[in-house]
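In the working numbering, the protein residues as written are 223 to 296.
Where a beta carbon is used, it is the ideal one built from N, C-alpha and C, also for glycine.
First comes the structure, then the notes that go with it.
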């Protein structure tokens, strides 16, 4: 019985793999937060890219991907 208790205590104090467990828990929390706030995150990203696209449009740049013939090469 004493040997069983000693092995149990040794297993409890062993710290191998704790770093991996911490990393997995952090990733799990990030995934849960991303899923919980996915609508807000997506709307924020769309708004951000929309504003950037509007600013690019107001500077006089051309959309070379949509209309390659309208762009000139340097």
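For residue 233, the enclosing alpha helix (DSSP H) stretches over residues 224 to 235.
Taking residue 274 as the centre and dropping the five residues before and after it, the same chain places no C-beta closer than 8 Å to its C-beta. In this structure residue 263 is in contact with residue 256, their Cβ atoms being roughly 7 Å apart against a cut-off of 8 Å.
DSSP places residue 266 within a helical segment (H, G or I) once states are collapsed to three.
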